[in-house]
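Undergrad:
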Amino acid sequence: MSVFTGWRAALRIARRDAMRSKGRSALVVAMIAVPVIGVTALDVTYNSVTPTTAEQLTADMGSADALFSDPQIGPIEQLPTGDRYEQVDENAPLDENTPPIDISTTFPKGSRAISFQSVPASITTGYGIADTNIHEFRTSDELARGRIELVRGEFPHGKDELAATEPFLKSAGLHVGSVTTVRNFGKKYTITGVVEEPDSLNTKALYADPGAVIAPWKARSDQDKKVLPPNARTKDWLVKGPEGVGVTWPDVMAANESGVLVTSRQLVLDPPPDSEVPLARKGGRPYQDGSEEPNAPLITVIAMAVLEIVLLAGPAFAVGARRSRRQLGLLGTCGGDRRHVRAVVLGGGLVLGGVGAVTGVVVGLVATSVFRPMIEAWAGQRFGSLALDPMEMLLIAVIGLVTGVLAAFAPAIVASRQSVLESLTGRRGVRRSSRVMPILGACVLALGCAVAIYGGTSGNSSLVAGGSVAAELGLLACIPMVVGFLGRLGRGLPLSPRLALRDAARNRGRTAPAVAAVMAAVAGSVAIATYMSSTKAESEFNYAPTLTQGTVLLSVSASDTETAIQLPQARAAVERSIAVTGGHADFRRVWAGSDCDLYSTDENSCGSLELVKPPGKDRVCPLTDKGAKQLAARLSSDEHRKLMRSPACLAGMTSGVFNSGENGIVVADEDMLSTYVKLDDPAAAEALAAGTPVLLNEVFAKNGEATIKAVHRYSAEDKKNRKLHPGKARTTTDRLKVYVAPAEYAATPGINMILPQRTAERLGLHTAESGSVYTVDHTPTEAEQQQASGAIEQAGGGAWVQSESGPDGRVDAMLLILTLFAGMVTLGAAAITTGLAKADAEADLNTLSAVGAPPSVRRRLSGFQCVVVALTGVVLGTLAGLVPAVALRLVDLRLALQAMRVDPTLSAYTPIELPWATLALLVVGVPVLAGLLATALTRSRLPLARRAG
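Sequential numbering of the sequence shown, starting at 15, is according to the numbering used here.
1) Is DSSP giving MET15 helix, strand or coil here?
2) What separation, rounded to the nearest whole angstrom, lies between the Cα atoms of PRO582 and HIS598?
3) Buried or exposed for ARG449, going by 16 or more other Cβ atoms inside 10 Å?
4) To the nearest whole angstrom, what separates the beta carbons of VAL604 and LEU625, a pair I think is in contact under 8 Å?
5) Let's see if you can read the secondary structure: which residues bound the alpha helix (DSSP H) around VAL916?
6) Please give the ranges of any alpha helix (DSSP H) in the segment 485-511, keeping only runs that are unbroken, at least 4 residues long and fully inside the region.
7) Relative to the C-alpha of VAL889, which residue among THR919, PRO898, ALA934 is closest?
8) If VAL274 sits next to PHE82, beta carbons under 8 Å apart, how far is it from one beta carbon to the other, in whole angstroms?
9) Could you check if TRP392 is buried or exposed, using at least 16 other CB atoms within 10 Å of its CB as the buried criterion?
10) From the DSSP output, which residues share a beta bridge with ARG749?
11) Would you please state the rounded distance, in angstroms, between the beta carbons of VAL266 and ILE592? I believe it to be under 8 Å.
12) With C-beta atoms as the reference, is PRO286 less than 9 Å away from TRP263?
13) Sort out for me which residues DSSP pairs HIS792 with in a bridge.
14) Going by Cα to Cα distance, which pick from ASP250, ALA294, ARG873 is closest to ALA78?
15) For SER921, which option in ARG655, LYS742, LEU738, LEU750 has the closest C-alpha, if you only look at C-alpha atoms?
16) Nearest to GLU783 by CA position, among LEU777, TYR613, GLN771, THR793, is which residue?
17) Taking 8 Å as the limit between beta carbons, can you name the residues of its chain near ASN677, skipping five residues before and five after?
18) Please go through the same chain and pick out, in chain order, the residues whose beta-carbon is closer than 6 Å to the beta-carbon of ALA899, but skip the five residues on each side of it.
19) Could you spell out the range, first to last residue, of the beta strand (DSSP E) harbouring THR560?
20) So the beta strand (DSSP E) LYS254 belongs to, where does it begin and stop?
21) Spatial neighbours of VAL444 within its chain, please: CB distance less than 8 Å, with the 5 preceding and 5 following residues excluded, ordered by chain position.
22) Can you tell me where the beta strand (DSSP E) with LYS201 in it begins and where it stops?
23) Do the CB positions of SER786 and GLY398 come within less than 9 Å of each other?
24) Could you check if ARG749 is buried or exposed, using at least 16 other CB atoms within 10 Å of its CB as the buried criterion?
25) What residue from LEU402, SER614, PRO696 has the CA that sits closest to ALA730's CA?
26) Answer yes or no: does any C-beta atom of chain C fall closer than 9 Å to that of ASP31?
27) Could you compute how far the alpha carbon of LEU490 sits from the alpha carbon of VAL940?
28) Measure the alpha-carbon distance for CYS620 versus ALA704 and round it to whole angstroms.
29) Kindly indicate which three-state DSSP category VAL165 falls into: helix, strand or coil?
30) Please identify the residue among SER870, PRO49, SER660 whose C-alpha is closest to the C-alpha of ILE413.
31) Give the range of the alpha helix (DSSP H) segment to which THR966 is assigned.
32) Am I right that LEU408 and VAL58 are in contact with their C-beta atoms under 8 Å? What's the rounded C-beta distance?
33) Out of GLY778, MET914, PHE714, which one is the CA nearest neighbour of VAL725?
34) Please give me, in chain order, every unbroken run of the beta strand (DSSP E) with length at least 3 that falls completely inside the segment 610-647.
35) Is TYR60 buried or exposed, if buried means 16 or more other CB atoms sit within 10 Å of its CB?
36) In or out: TRP930 buried (at least 16 other Cβ within 10 Å) or exposed?
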């Protein structure tokens with residue numbers, strides 16, 4: 015009998031066995047198919063949301079042949095792709111007052127074109143007032159198709175109609191048919207339809223026909239000097255070239271001579287030779303988008319996913335081989351040897367793996383098509399097309415097939431070692447656990463951890479993936495030893511948990527695969543959750559807030575002296591519109607001499623105010639000082655992090671939200687301490703009340719004193735103050751006793767010093783009301799922001815509201831989704847593997863009933879068996895998942911240190927943050943829930959079955 019004949023028989027037996035045990039076969043197919051479904055959906059989604067060059071051109075220029083734009087640098091030379099261009103004369107001066115080019119004169123003869131021009135505007139909404147961009151673009155033209163699409167309603171036509179994107183309508187509380195006013199010049203428009211940008215579904219914008227907004231706005235500003243002219247951007251053109259010709263390279267070169275940049279569809283798809291491109295002959299090359307190095311997290315996730323499939327399906331094959339041991343014994347009596355037994359079990363893996371792989375690919379494609387709108391909304395862009403790569407689909411199916419065979423490999427070895435007599439009588443025999451395997455597993459575990467860590471420090475993604483898989487396999491080899499140890503813990507426990515622990519230890523061949531399956535399900539989830547939690551902590555550290563978290567700022571323009579008079583009405587408007595908590599803290603801006611916001615015609619026409627640092631090296635940030643790169647080369651990540659958060663390095667990072675300039679000096683009272691600074695120290699409040707400034711950054715203090723240098727220079731245009739202060743400019747330097755706040759308050763956004771009003775007057779400084787700070791229990795929503803802006807406008811206008819939204823919260827949502835997914839997968843794996851173990855232990859459970867055990871014991875025993883499997887698998891899976899997470903963070907640390915040593919001001923902080931909420935749910939919640947479900951769903955009574963032998 016040939017090899018193929020033997021395998022043909024084995025496959026036929028495996029197919030018949032799979033059809034006979036449909037429930038177990040369906041379970042194996044599902045275990046293999048579910049990961050394949052996920053991989054297929056991810057592959058198709060990635061290829062679909064990643065546009066091809068042709069699809070990206072359509073998103074940029076619609077159905078036109080070319081996009082003409084004005085870079086405003088004079089005559090240029092460009093590459094055919096349009097992504098790189100240079101001035102012809104690099105030494106030619108740039109004149110900002112040069113009128114824009116009439117781009118329409120550079121179009122090829124016989125062309126047709128539509129323009130695109132944007133202008134920022136303030137409009138009325140259903141809640142109040144909002145700022146947005148209005149695009150003048152003939153959306154109804156066929157050239158716009160692909161760049162803009164109609165969702166519902168009608169395209170705008172005429173001078174009084176607009177179209178809006180769906181995100182804008184939702185945020186503004188408007189709908190098709192609503193009337194909105196462009197407040198900048200008071201004209202009303204009707205929203206006639208909803209449009210979308212296929213490559214940017216989250217865009218909030220309005221669309222109008224050319225000439226509907228910018229021209230009447232400019233005409234109104236010419237007539238009424240109170241109306242500011244529109245700050246319109248340069249006009250771009252979508253051009254359709256002559257029929258059958260398009261926009262050729264000679265057309266592009268001719269446009270370049272006039273200073274126009276052209277992106278031509280046919281040239282991007284079929285560029286001319288470099289010999290015809292002047293910039294290419296000079297060595298100009300297209301910009302590279304990114305590194306071609308493999309993605310370490312992606313490679314690691316794929317490797318662990320394959321291992322997860324193998325370990326999830328392995329228990330089903332093991333139980334299947336046990337349930338079919340009589341059939342396998344009969345095979346031995348008919349002359350079959352161990353090779354044939356292995357072939358039958360492996361044939362089961364081949365058959366079920368093939369069915370699971372094909373099913374997974376098909377269902378993955380169908381699921382992607384069905385959920386395409388949801389995926390597009392999540393990705394923020396439309397699919398260019400449902401991109402299917404046949405080779406990738408085949409590769410995914412092959413991986414599923416191979417993992418099915420690998421999952422059956424260990425059960426095939428075990429089944430082939432059983433004697434014919436044991437197989438026919440159903441006796442399992444007594445086998446001692448291997449003493450070599452745990453030692454070997456511990457060595458592989460240590461080696462895998464070392465390889466993964468080395469791969470992380472060296473940046474080798476293959477070593478990270480290989481080491482992570484090796485570490486998990488090593489831990490897998492240690493599971494029988496761990497399970498055996500658990501059996502010793504049951505001596506002092508009640509009956510049911512004691513039986514569960516001893517049963518697990520006695521039947522390690524059944525328990526170990528079940529624990530391995532749970533471990534595999536948990537390891538991947540813990541690895542991803544730990545990596546995401548760590549990157550979130552890194553993002554939070556690098557985030558530079560403009561305001562203290564939990565505060566809202568109301569401020570007026572420093573250059574508009576009239577709006578300060580309306581601050582009381584603006585404060586009342588804010589308190590009506592936003593859910594503020596407690597009172598508010600008012601603040602004033604301070605300056606010396608003439609106000610530079612009003613009198614800054616030249617550098618000698620206004621005064622200046624400076625918070626002077628005392629001399630000393632410890633007052634200068636070493637990351638910006640001479641020798642910073644040499645210092646950065648010696649710093650570790652933690653040392654660099656401490657320097658970045660030191661008062662000396664924070665001193666130059668003051669935001670201008672309080673109109674306080676670079677020095678961060680604000681005039682306020684003690685309310686500012688509790689409302690904004692969050693400094694709860696009676697001594698600080700008493701100091702301000704007594705006229706002593708509060709210094710938040712200790713780097714400006716020496717011996718409890720701070721120095722303020724003021725240049726009292728008055729402009730000739732500032733007639734009132736100039737009359738009071740005739741003569742030359744004078745410079746004063748005052749040393750003030752200050753209250754120095756603890757070092758952590760140096761990071762307070764926008765403020766270095768709080769100066770009492772009477773102290774400012776004593777120093778001869780000028781102050782003016784500038785705004786107020788409120789505390790809030792949540793970041794104001796868009797509706798609240800718009801409502802507050804509308805209320806402020808009704809109260810006289812001139813003020814605006816700012817809030818601190820904090821770091822991006824999408825990671826929190828993704829962590830929550832991942833936690834729930836990990837919990838469900840772990841719960842399912844625990845339930846399935848425990849069910850398989852129960853099926854294998856049915857004879858033992860029947861014996862338990864035969865000796866008079868109450869019905870409730872069976873339920874409790876099943877529950878504790880599930881808890882043992884789930885808890886052991888979760889703990890081991892958590893340990894296994896930390897290995898790739900730590901290694902991947904080391905890859906990130908290496909890259910961050912490289913960037914920091916090039917630019918010492920860049921952060922190299924790369925923390926490893928454990929997702930405690932996820933771990934708590936997995937380690938505590940999932941095993942308890944699995945045990946309760948197993949207890950509730952287990953039947954109390956079963957018909958007594960005859961024990962073999």
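Glycine included, every Cβ here is placed at the ideal spot set by N, Cα and C.
TA: Straight from the coordinates:
1) Its pLDDT being 45, under 50, MET15 is placed unreliably in this model, and the value from its coordinates should be taken loosely. Three-state result, MET15: coil.
2) 12 Å
3) exposed
4) That pair is no contact at about 11 Å.
5) 869-916
6) 493-501
7) ALA934
8) 6 Å
9) exposed
10) THR721
11) About 53 Å; that fails the 8 Å criterion.
12) yes
13) The partner list for HIS792 (beta bridge, DSSP) is empty, contrary to what the question assumes.
14) ASP250
15) ARG655
16) GLN771
17) LEU623, GLU624, LEU625, THR668, ASN766, MET767
18) ALA541, THR544, TYR545
19) Careful: THR560 lies outside any beta strand (DSSP E) and carries neither H nor E.
20) 250-254
21) Residue placement at VAL444 is poorly supported in this model, since its pLDDT is 47, which falls under 50; the coordinates still yield a value, given next. Same-chain partners within the cutoff: there are none.
22) 201-210
23) no
24) exposed
25) SER614
26) Among the chains of the structure shown, chain C does not appear; only one protein chain is present.
27) 21 Å
28) 31 Å
29) strand
30) PRO49
31) Any answer about residue 966 is impossible in this case: the structure gives the chain only from 15 up to 963.
32) Contact flag wrong, Cβ pair sits at about 14 Å.
33) GLY778
34) 622-626
35) exposed
36) exposed
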